[in-house]
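So the sequences go chain by chain: A and B.
Under my numbering, the first sequence has 80 at position 72, and the numbering climbs by one with no breaks.
Under my numbering, the second sequence has 388 at position 394, and the numbering climbs by one with no breaks.
The beta carbon of each residue, even a glycine, is placed where N, CA and C say it ideally should be.
Below you'll find the structure, written out as structure tokens, and then a few comments.
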Amino acid sequence: MADQTRREFLKLGLAAAASAVTASAIEIPLFNNQNSSMQTKLDNANSQLNNANSQLSSANTQISNLKARVNTVVGFVSLSVTEQSLLEKIVETIIPTDTDPGAKEAGAIYFIDRALAGDYGQSANMFMDGPHVLPRIPASTTNTLSVNPTLSWANLPGNSSAPITYTGGSIGTPGVGAGITSSPRVGSGINYQYPLNFREFWRVGLVALQAYANSAYGGNFETLSSANQLLLLQDLWGNKPTSFSNILPSDFAYELTFMTWAGFLMDPIYGGNQNMVGWTFTGFNGVNFGNFYGEGQDQKALMVATAPTRLKPASLAQYQQQASGGT
Amino acid sequence: MPTTITEPAADVVILGVGYMSGVIAAELSIASLNGGKNYKVVAITKGPYWDYVNDFSTTKYDEWGVGLGRKYDSPLPLQSATIRNTPYQFALPVRRYTMPIQYHALGHGVGGAAQHYGGTMGRQGPWGYTQYSSTIARYGASFLDTVNPHSDLEDWPLTYAQYEPYYVEWEKAHGLCGDYNGSATNQPSDTGYPWMSQNYPLPPSPLTPVGQSFQTAAQALGYHPFPHVSALASQPYINQYGVPVNPCVYDGYCGGPCDYACETGAKANAAYRTIPAAMKSGNFTLVVNSFIFRLDTDPISGLVTAARYYDPQGNVHVQPGTVFFNGMWGYNMIRVMLLSGIGAPYVWNSSPASVTGSVGRGLTNGYLPYRGTNVSGTLPNNGGNAYPAGNGSGGSVDIYDLMDDNFDHSVSALAGDPPFIGGAEIGAGGYPGGGPGNITFAGGVSSASMGGTFKTTQKDKYLPTKTTLSSTPLAHDLPTTDNYIDLDPHYTDIYGDPLSRLTYDWTPNTYNGATHLVKKVKDIFTQMGAQNVTIGSTVAPGAAHNDWWGHHLRGGCRIGANQSTSVWNKWNQCWSPVSKPVFNIFGAGEITNTSGDNVPSGTHVAGPQSYRAAEGIKQYLALLTPGLLT
């Protein structure tokens, strides 16, 4: 019995190592303290086992929890202590816990923390060059815009280096609208025109949100009633705050909501959706195509079925583990 | 210290390696097998070579990295594009990839954008090739001016019948799945449907329950349903070049907003259909991770002498050649020509009579994503495991009856609806699959999606007990003189060259068509037994949609019969500028000026052109005195 459990441990350790290798091969950033915190947990569980054979059944439970959370993380790598306590309440407002798990149980804040420390926070896949021209909110009928051309454009035949003036307007009626697209919809392709990477944007946004909580609701966000917390986030969506550190409040609300969703629904390898609670809640089966746990279902048959079959979800880490010959 | 390296000259230099370039690479490098000359072919792409087994087999399921992070798409820090709605506006750059997609995630590497599409394919009907003259003949010139102010619509240089043999080659090369096109007779004399001299090489994938329901309902209403034409192989296949193809495994991570890659190679892509044939020929060189920034031209003849590109270390390479094929993605195809001074650049003027040039002219949109009219309903007793199971485009059913000129567009026949020409392919039943990235996120993040609402709308969402039907007819977007591509004066790529600037707004024809077609879709949904069938609100042209962008913009470098308004002639050979054509560069791609909008991308219409262009290039290389082909 004890031997069997030790074998489980060995496998678990190997699995963690194997998934780390696979993950780096596909350029998914893993953090040193992720491995070390996992290792700490493993060590704790190990000593528990060695010390008390009588508690074998509870230790077994712990092992299976650890196994499920092999790629989940605790501890923060990016968010400050102040940001942690604020953001914790924000994500819990966006996806609350009721009879089913919410952002809290999913560890959505860990997902966001990791993302902010990685490519997302650094805006690594974004076009960040200037000039940074912010949209006019609200749309003005008098705005014109005069901007110098780049040298490389000016040097092309037929062009000059004189500033170009944009009057706005529609076909047939030039010069009556804003010189730029005036009110881009939140989340649209031209929406994010700030000279800030996302880590900076979140830093600025969280400070502005807290200031608004105090000025409009009389206290820090964390101290507000849950009804007011939701109201405040809706204020941001509606651009109600008149001063918000030069960013559009709805842009920040979009990002908060988007990333909380992602922390609830993306693969656990990124730190959120812990124990796949988001997938269990939505009934999404991840990479279980019908036979991951030996259910014997066929993908083609599932495609044409008219009644749903609930499958236990499987994660990328499990998939990679299985693909590399583990169980 | 970066240096300049001159490469050995080639007969054919291919710019960009996507669908069209793959055909040119295969056809020219193995020309000798068909009794022709043995050509040296070099193809250059800015991205890597993706191996579907090693690159996609597990990572394709990584929705955060691939679906939302767009790991396999063209990196925006390398280059972006700027967009605006009118020529009077300052254009803002696209800074990020969004969900739902607001800007086309450009392809990157061998295979181009095909690696992340859903595999929707098919043919453009005969009307698409003659829609200008057909419209004038049936409804009069003033009708066209009414439905499409500042119209820049033209006929194609060739007819459907002339392109038909090229369609056959294209379909064989890529292993397309389908079963004719809804025509009971399938005769060359048919006008409403693209008749076929031979059927698609592979049968369609099994129909989904929704597809079956649509089929029955459409038949009952007198329409002619047929299986959606898909580029996702339904069976193992070997194409005319001897390249083997694996079938689809229906794991449902395919198309839709997340644009998953395919891990079996079932999704047609130059990298796994045509490029392997070129590779095997011994006459072909593939240059990856190399960014083409200029085409050198001869100061006297004006002809292209070499392609100039940066390697990843920043060294400049000069690749001389006899003939060049521009197979770059739509915006880049135009950009490199404008940067290099090739062809007559399009110059906009508020008066349509005063516009000049052709390079950048005629930008159109193949999509109305999440805007315009929309019809929805729910189909009871029809739920199931839509996700993840299915594939990107197979399993659904379409009709051609409501597109092109297959119904009467005269004012009296439209029963009070605003006038338009063309229409849309209507269909239902595709299960693009995927996970939360495709389903939950594509639904849109909004203030209404927080708190308890999120919980109630998402609980067991992936185990539907009824199917939600939704359709936004694509309608028919016509070229006008006000929609075009030029070089942006204010933003540059990573190497300092101006970005493409896209000036585009939807045209009244597009809106009007959608307004009419949703009613027809509503009838079909009702016939299917759907409940709560409703039509969404209409967005008027010129209203506040200036932030939303179709991610299937196309055109801007069109083929035509008029030398002063098109870039490519009937052999897909450059014949611009009129005064001194740069005739040693050919092109195909998203250059479809006047296509019928039966699918959102222009690939299906461009495909046959690549075979036409291959024929043109062979003829050109055989000329004793180089010049324009006739």
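Are the beta-carbon atoms of Phe319/B and Ile18/B separated by less than 7 Å?
Working through the second sequence from its first residue, we reach residue 319/B at position 325. Working through the second sequence from its first residue, we reach residue 18/B at position 24. Contact flag set, yes.
Quick one: using the 10 Å Cβ neighbour count with 16 as the cut-off for buried, is Thr474/B buried or exposed?
Along the second sequence, read from residue 1 onward, the residue named residue 474/B stands at position 480. A residue is called buried when at least 16 other Cβ atoms come within 10 angstroms of its Cβ; Thr474/B meets this threshold and is buried.
Enclosing alpha helix (DSSP H) for Asn503/B [first to last residue]:
The sequence position of residue 503/B within the second sequence is 509, counting from 1. Run containing Asn503/B: Pro502 to Gln521, per the alpha helix (DSSP H) assignment.
Tell me whether the region 390 to 397 of chain B and the region 174 to 190 of chain B touch, counting them as touching only if at least three CB pairs, one residue from each stretch, are closer than 8 Å.
yes
Residue-chain proximity (His484/B, chain A), Cβ-Cβ < 7 Å
Here residue 484/B is taken as the residue at index 490 of the second sequence, counted from 1. So yes, His484/B belongs to the interface.
Would you give the residue range spanned by the beta strand (DSSP E) that Gly421/B belongs to?
On the second sequence, position 427 is the one that residue 421/B refers to. That run of the beta strand (DSSP E) goes Ile420 to Ala422.
At least one CB of chain A closer than 7 Å to the CB of Glu257/B: is that the case?
Numbered from its first residue, the second sequence carries residue 257/B at position 263. Chain A places no beta carbon closer than 7 Å to that of Glu257/B, leaving this residue out of the contacts.
For the region 265 to 288 of chain A, which residues have a beta carbon sitting closer than 7 Å to at least one beta carbon of chain B?
Listed by position, the residues of the region 265 to 288 of chain A near chain B (Cβ gap below 7 Å) are Thr265, Phe266, Trp269, Ala270, Leu273, Met274, Asp275 and Tyr278.
Should Ser465/B be listed as close to the ligand COA, given that the test is whether its C-beta is under 6 Å from any heavy atom?
Judged by which ligands are present, the structure shown has none, so any question about the ligand COA falls away.
For Met327/B, would you say it is in contact with chain A, using Cβ-to-Cβ distances shorter than 7 Å as the test?
Here the question's residue 327/B lines up with position 333 in the second sequence. Output row for Met327/B: interface = no.
Within a Cβ cutoff of 6 Å, which residues of the same chain sit near Ala116/A, ignoring the five residues on either side of it in sequence?
Sequence index remark: in the first sequence, residue 116/A carries index 108 (1-based). Correct list, in chain order: Val99, Thr268, Gly271, Phe272 and Gly280.
Is Tyr118/A close to chain B, meaning its C-beta is less than 7 Å from at least one C-beta of that chain?
Sequence index remark: in the first sequence, residue 118/A carries index 110 (1-based). Chain B contact via Cβ: absent.
Which residues, in chain order, does the region 292 to 317 of chain A contribute to contact with chain B at a C-beta distance below 8 Å?
Phe292, Asn293, Gly294, Val295, Phe297, Gly298, Gln307, Lys308, Leu310, Met311, Val312, Ala313, Thr314, Ala315, Pro316 and Thr317
Selection from Ser494/B, Gly116/B and Ala214/B that minimises the alpha carbon distance to Phe519/B
One-based indexing of the second sequence puts residue 519/B at position 525. Phe519/B has its Cα closest to that of Ala214/B, out of Ser494/B, Gly116/B and Ala214/B.
Any beta strand (DSSP E) of 3 or more consecutive residues that is wholly inside the region 62 to 114 of chain B
75 to 78
According to DSSP, is Ser223/A helix, strand or coil?
Stepping through the first sequence from its first residue, residue 223/A is reached at position 215. Note: Ser223/A maps to helix in three-state DSSP.
Own chain residues within Cβ distance below 8 Å of Gln613/B, not counting five before or after
Residue numbering aside, residue 613/B sits at position 619 when the second sequence is read from its first letter. Once the five neighbours on either side are set aside, the close Cβ partners of Gln613/B are Trp565 and Leu623.
Extent of the continuous beta strand (DSSP E) to which Thr474/B belongs:
Within the second sequence, numbered from 1, the residue matching residue 474/B stands at position 480. Careful: Thr474/B lies outside any beta strand (DSSP E) and carries neither H nor E.
Select from the region 219 to 244 of chain A all residues with a C-beta closer than 8 Å to any C-beta belonging to chain B, and list them in chain order.
Leu238, Leu241 and Gln242
Under 7 Å, Cβ to Cβ, is there at least one residue of chain B near Val85/A?
Residue numbering aside, residue 85/A sits at position 77 when the first sequence is read from its first letter. No, because no Cβ of chain B sits closer than 7 Å to the Cβ of Val85/A.
Please compile the residues from chain B whose C-beta is within a distance smaller than 9 Å of the C-beta of Asn133/A.
The sequence position of residue 133/A within the first sequence is 125, counting from 1. Against chain B, the beta carbon of Asn133/A has neighbours under 9 Å at Gly63, Arg64, Lys65, Asp67, Pro69, Leu70, Pro71, Arg90 and Tyr91, listed in chain order.
With which residues is Ser128/B paired in a DSSP beta bridge?
To locate residue 128/B, count along the second sequence from 1; it is residue 134. In the DSSP output, where bridge partners are listed per residue, Ser128/B has none listed.
If you drop the 5 nearest sequence neighbours on each side, which residues of the same chain put their C-beta closer than 8 Å to that of Gln234/B?
The count along the second sequence starts at 1 and reaches residue 234/B at position 240. Closer than 8 Å at Cβ, skipping near neighbours: Glu163, Lys166 and Ala167.
When Phe278/B, Gly354/B, Leu72/B and Leu472/B are compared against Thr559/B, the one with the closest alpha-carbon:
As a position in the second sequence, residue 559/B is number 565, starting the count at 1. Comparing Cα-Cα distances from Thr559/B to each of Phe278/B, Gly354/B, Leu72/B and Leu472/B, the minimum goes to Gly354/B.
CA-to-CA distance, Glu158/B to Gly621/B, given in whole angstroms:
On the second sequence, position 627 is the one that residue 621/B refers to. On the second sequence, position 164 is the one that residue 158/B refers to. Looking at the two C-alpha atoms, the distance is approximately 27 Å.
With a threshold of 8 Å on Cβ separation, who are the neighbours of Thr76/B within its own chain once the five nearest residues in sequence on each side are excluded?
Along the second sequence, one-based indexing puts residue 76/B at 82. Excluding residues within five positions, the ones whose Cβ falls inside 8 Å are Ala85, Leu86, Pro87, Val88, Asp482, His484, Tyr485, Leu493, Ser494, Arg495 and Leu496.
Kindly identify the DSSP beta-bridge partner or partners of Ile393/B.
As a working mapping, residue 393/B is identified with position 399 in the second sequence. Answer is Ile420/B, bridged to Ile393/B.
Any beta-carbon of chain A closer than 7 Å to the one on Phe84/B?
Locating residue 84/B in the second sequence gives position 90, where the first residue counts as 1. Judged by the 7 Å Cβ criterion, Phe84/B is in contact with chain A.
Sort out for me which residues DSSP pairs Trp562/B with in a bridge.
Taking the first residue of the second sequence as 1, we reach residue 562/B at position 568. Ile553/B and Cys568/B.
Mind checking the region 394 to 407 of chain B against chain A and listing, in chain order, the residues whose C-beta falls within less than 9 Å of any C-beta there?
Listed by position, the residues of the region 394 to 407 of chain B near chain A (Cβ gap below 9 Å) amount to none.
Give the range of the beta strand (DSSP E) segment to which Asn236/A is assigned.
Translated into positions along the first sequence, residue 236/A becomes position 228. Segment Ser234 to Trp245 is the alpha helix (DSSP H) holding Asn236/A; no beta strand (DSSP E) there.
Taking a contact to mean a Cβ-Cβ separation below 7 Å, would you say Ala271/B touches Val237/B in this structure?
Here residue 271/B corresponds to residue number 277 of the second sequence, with the count starting at 1. Here residue 237/B corresponds to residue number 243 of the second sequence, with the count starting at 1. Yes, these two residues count as a Cβ contact at 7 Å.
Write down the C-beta distance between Leu196/B and Leu170/B rounded to the nearest angstrom, noting that I regard them as a contact closer than 8 Å.
On the second sequence, position 202 is the one that residue 196/B refers to. On the second sequence, position 176 is the one that residue 170/B refers to. With a Cβ gap of about 7 Å, Leu196/B and Leu170/B count as contacting.
Who are the neighbours of Ser443/B on chain A, taking C-beta pairs under 7 Å?
Reading the second sequence from its first residue, position 449 is the one you call residue 443/B. Correct list: Thr265.
Rounded to whole angstroms, what is the Cα-Cα separation between Thr105/A and Gln92/A?
To locate residue 105/A, count along the first sequence from 1; it is residue 97. To locate residue 92/A, count along the first sequence from 1; it is residue 84. Roughly 18 Å separates the two Cα atoms.
Applying a beta-carbon distance threshold of less than 7 Å, which residues of chain A neighbour Tyr111/B?
Position 117 of the second sequence, counting from 1, holds the residue named residue 111/B. Those do not exist, as Tyr111/B stays about 18 Å from chain A at its closest Cβ, beyond 7 Å.
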